[in-house]
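With mature numbering (1 follows the signal peptide of the UniProt record, and there is no 0) applied, the sequence shown covers -20 to -1, 1 to 936. Built from N, CA and C at the ideal position, the CB exists for glycine as well. It should be emphasised that the depicted structure is a prediction, and the values quoted were computed from it without experimental measurement.
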Amino acid sequence: ECFLSNILFLPLVVFPLCPGRPSFFFLFSFSSGCAIIRPPRDGGIRYRGLTQEQIRSVQILPVDYEIEYICRGNRVIVGPKVRKCLPNGTWTDIAQHSRCLLLCPRVWTSLENGRVTVKPPGPPVEGTVLHYSCHAGFILEGRNISHCTKLGKWDAPKPTCLCEYPSQYHPQTSGQFLYIGALFPMSGGWPGGQACMPSAQMALDLVNNRSDILPDYELELIHYDSMCDPGEATKLLYDLLYTEPIKIVLMPGCSGVSTLVAEAARMWNLIVLSYGSSSPALSNRQRFPTFFRTHPSATLHNPTRVQLFQKWKWTRIATIQQTTEVFTSTLDDLEQRTKEAGIEISVRQSFLTDPAVAVKNLKRQDARIIVGLFYETEARKVFCEVFKEKLYGKKYVWFLIGWYADNWFKIKDPAINCTVENMTEAVEGHVTTEIVMLNPETVRGVSNMTSQEFIAALMSRLGGMNPEETGGFQEAPLAYDAVWALALALNKTVAPLKAKGRRLEDFNYNNHDITSEIYRALNTSSFEGVSGQVVFDAQGSRMAMTLIEQLQGGSYKKIGYYDSSQKNLSWFGNDVWIGAGPPADRTVVIEEYRFLSQKLFAAVSVFAGLGILLGIVCLTFNIYNGNVRYIQNSQPYLNNMTAVGCMMALAAVFPLGIDGHHVHRSQFPVVCQFRLWLLGLGFSLAYGSMFTKIWWVHTLFTKKDEKKEKKKQHLEPWKLYATVGVLLAIDFLSLMIWQIVDPLHITVEKFTKEAPKEDLDVLIQPLLEHCSSEKMNTWLGVVYGYKGLLLLLGIFLAYETKSVSTEKINDHRAVGMAIYNVAVLCLITAPVTMILSSQQDASFAFASLAIVFSAYITLVVLFVPKMRRLITRGEWQSEQQDTLKTGSSTNNNDEEKSRQLERENRELQKIIQEVRNITYVTLNTHRHISVITQHAHLNTRDFDVLRNSCEVCALS
């Protein structure tokens, strides 16, 4: 937003000119909103974020849009300054008129030795009436009433209070006065002067009537309304410093004003004693060397807040602050203290005038424990937005400043569009930390008045005003004790100054000695006041206890005290919560591990177990019938390896289904190793032995005929075993390198949080355990690539040898069928399980069932036909008997005879083919001779030669 850089006044509108900066939104027309309204006379309207062209082209402004009235010159706005567009198409507080009126001189609002009552309270503008009265012993000279006219002037001269009996009132000094320049904020962000000014005046009356305190002097208060505005305070400070009489001490209130006054006072050698400033920035002796305050620093709240965070076991908080120095420095101190206590400030939001965006950010970032630092007027804006965003209730706790009026949330505020009921609902249950400003014990202090008597006397001075609607009522004891601290300090300086030949009335703005004496006296002050023990620390700040209150049922209840100097928490135990107890500092996230369905695991385990039993049966059958020629021709040792590999692969199903439900996390890496090694070696044995068969069948029986004879005689078993050994060694080495270089470990995958239906304040964080390594994808890529090529090659070899028939490996067609099934299942399952890795049941089902089906198919295809043949034909009996009688040479002789018959058969086929060729040649020759005889004349000699040749051919 462009602030006051360039403001252009037009008859109807005022808008900022910000060259080079785009507006944050553009308006042309709206279906719903508020019509543009006229500004007050002698004023204009500031439209935030709009350019001149946009203002001239738009007639309707959107809902929640804010406009601000601005006045020309020395005029001030009276009535609502800001209006917001409501959903019903009207502006807030449209019934209340806003006017730009001239200010009358503020000098008329204070009276030496007397009092001025301003009606109505606020800045002196047209219609303001001043009522004057003098203190006891003084008479009023002039009119006792004055009106502010529309020309910005008072209709009567300022009256004066003259001493009625000067010789009796101050016989020794003829009435020596010491003047205190005070700034009381009667309006603004903190209208604390409404109660603090009467309190200070009451203290002055008592001090002036005491013969043991400053007997030769009388303290007089010259005060103005600062409106808690540093800009306004600058003008008033100028009036105080450059207008007679000389002020010996300055008493500002409101942190922003006190900062300005304290920084400037050093140039005039003035002591500054504040009654209502809590900014931590003021605790800086180098920057503010003459500053004291009876109001403790706002940082005194922070140890109490941290103590409460720890008591309620909160480790995560959020903050929202108004962008002013007092709150920024307070929050910086809180951040440091929470960091030391191990507490995290997860969200830190700030705003200047409109807290809507900041509150929405708190909601979006799941803030639960929220510390709010802002003035009372801004607090109403904040909690109106809190109500709209539903940022209250059993899940939230707000920590606020305790020096607001007790009914601050019930005060009608034109700047917000929430009802009292809305505000009451939103603020219920919040906690406040408040400096103890009223002594809880019934003791009489230096003023000979108890805290209860002080409250009664203050109520009398307020004339029946409601304390809850009176600004600064809680800080009134601090203002009262500030006057007493000043009086006691001045009284303490009389003797030292007299010893130096000086007097208090000799003070001027160039006299550093008197200032130093007052500083030393204040710095050593210690007395019992109505606010408790008054003691200043090295930085000039008041040391005090902290009161902890909670809003219960619309009213504040004391729930404890905290003494930060002793680190002692006095807890009453009467805190009340909307829920069952203090809420959690964040949405409670319950970690819930996803485990494999036990029914699925049990079902697959049964199948795997049955498969292992089938493998044992097949292995036993193959070993027992190893001497049967039909079994021997199927390479039984390779089949044994296949059976063992299938059983190992089936055994891998069990660790594949074991997760955190069965073993501790520390043992999970061992389960990961079992999965990898059983499955890897099982695959190498089972598939490797089948691949070896199909490889050698392709190598030996798909070559040319001239190479077959040689190779068929050199198929030795060790070559088959060596091939399986090579494949197994490759897998073993790759797995070993993997586990040495990048061993498997447990990793936890986190899923999107889920909200259970029964409790909206709890989120479930699903977790899933995986076996993984640092470069898991690289290793899987290598293994899958190698295995995939092996599977594809197996499919190709099985296809190439589908028509080959050989007695050496008589089950190669069954092997090829098994390879087809295994390859297809593996090539489908591997990518699917990777995609479904986050779904434990589906991933396990696919992987385990692929293993089970592959093993079952392999065992059934390879072994069941052999069993069936031996059982149906009874071949195992005759072969065993033949083996007992003739020994192992029988099988070799039968094989030799078979080969001999094949050779003889091929030789006979060659002879028949040669005879056919000769017959063909002879027939062709006779045909040629007949032709030659008919068509040519040959001599007898040539004919004889030809005939002889034919005879030779026929004979041969």
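Going by other Cβ atoms of all chains shown within 10 Å of its Cβ, with 16 needed for buried, is residue i buried or exposed?
i: residue 222; result: exposed
i: residue 639; result: buried
i: residue 347; result: buried
i: residue 189; result: exposed
i: residue 490; result: exposed
i: residue 212; result: buried
i: residue 261; result: buried
i: residue 676; result: buried
i: residue 596; result: exposed
i: residue 217; result: buried
i: residue 895; result: exposed
Below 8 Å on the Cβ atoms is my contact criterion, and I expect residue i with residue j to pass it. Report the Cβ-Cβ distance as a whole number of Å.
i: residue 226; j: residue 488; result: 6 Å
i: residue 130; j: residue 88; result: Actually they are not in contact, since the Cβ atoms of residue 130 and residue 88 sit about 16 Å apart, beyond 8 Å.
i: residue 449; j: residue 387; result: 7 Å
i: residue 803; j: residue 774; result: 6 Å
i: residue 339; j: residue 365; result: 4 Å
i: residue 832; j: residue 797; result: Actually they do not touch by this definition, with Cβ atoms about 18 Å apart.
i: residue 938; j: residue 307; result: Any answer about residue 938 is impossible in this case: the structure gives the chain only from -20 up to 936.
i: residue 771; j: residue 807; result: 6 Å
By the DSSP assignment, the beta strand (DSSP E) with residue i in it spans what residues?
i: residue 164; result: No beta strand (DSSP E) contains residue 164, which DSSP labels as neither H nor E.
i: residue 127; result: 125 to 127
i: residue 789; result: No beta strand (DSSP E) holds residue 789; DSSP gives it neither H nor E.
i: residue 537; result: 535 to 543
i: residue 319; result: Element bounds for residue 319: not the beta strand (DSSP E) but the alpha helix (DSSP H), 305 to 320.
i: residue 232; result: 227 to 232
Using C-beta distances below 7 Å, list every residue in its chain close to residue i, excluding the 5 sequence neighbours before and after it, in chain order.
i: residue 668; result: 704, 707 and 708
i: residue 474; result: 484
i: residue 456; result: 175, 176, 179 and 438
i: residue 659; result: 629 and 632
i: residue 199; result: 158, 160, 184, 187, 188 and 467
i: residue 65; result: 13, 14, 41, 42, 43, 44, 45 and 71
i: residue 563; result: 348, 374, 375, 376 and 377
i: residue 285; result: 314, 351, 379 and 413
i: residue 655; result: 632, 635, 636 and 751
Output needed for residue i: all residues of its chain with C-beta closer than 6 Å, excluding positions within five of it in sequence on either side, in chain order.
i: residue 652; result: 724 and 751
i: residue 274; result: 255, 458, 461, 462 and 522
i: residue 296; result: 324, 326, 565 and 566
i: residue 549; result: 287 and 542
i: residue 939; result: Summary: the structure shown does not reach residue 939, with the chain confined to residues -20 through 936, and so no result is reported for it.
i: residue 552; result: 539 and 540
i: residue 453; result: 175 and 447
Can you tell me which of the three DSSP states residue i falls into?
i: residue 343; result: helix
i: residue 376; result: coil
i: residue 283; result: helix
i: residue 195; result: coil
i: residue 275; result: coil
i: residue 775; result: helix
i: residue 727; result: strand
i: residue -2; result: Confidence at residue -2 is low in this model, with a pLDDT of 35, below 50, so its placement is unreliable and the value that follows should be read with caution. Note: residue -2 maps to coil in three-state DSSP.
i: residue 820; result: helix
i: residue 331; result: strand
i: residue 813; result: helix
i: residue 894; result: helix
i: residue 552; result: coil
i: residue 746; result: strand
i: residue 40; result: strand
i: residue 418; result: coil
If you follow the alpha helix (DSSP H) that residue i is part of, which residue opens it and which one closes it?
i: residue 701; result: 697 to 721
i: residue 603; result: 578 to 604
i: residue 36; result: 32 to 37
i: residue 521; result: First-last for residue 521: undefined, no H or E at that position.
May I ask whether a heavy atom of the ligand MN can be found less than 8 Å away from the beta carbon of residue i?
i: residue 546; result: Questions concerning the ligand MN fall outside what the structure shown contains, since it holds no ligand whatsoever.
Might you give, ordered along the chain, the residues of its own chain that have their beta carbon closer than 8 Å to the beta carbon of residue i, omitting 5 neighbours on each side?
i: residue 55; result: 22, 23, 80, 81, 82 and 83
i: residue 511; result: 274, 416, 417, 418, 419, 431, 457, 458, 460, 461 and 524
i: residue 345; result: 298, 326 and 327
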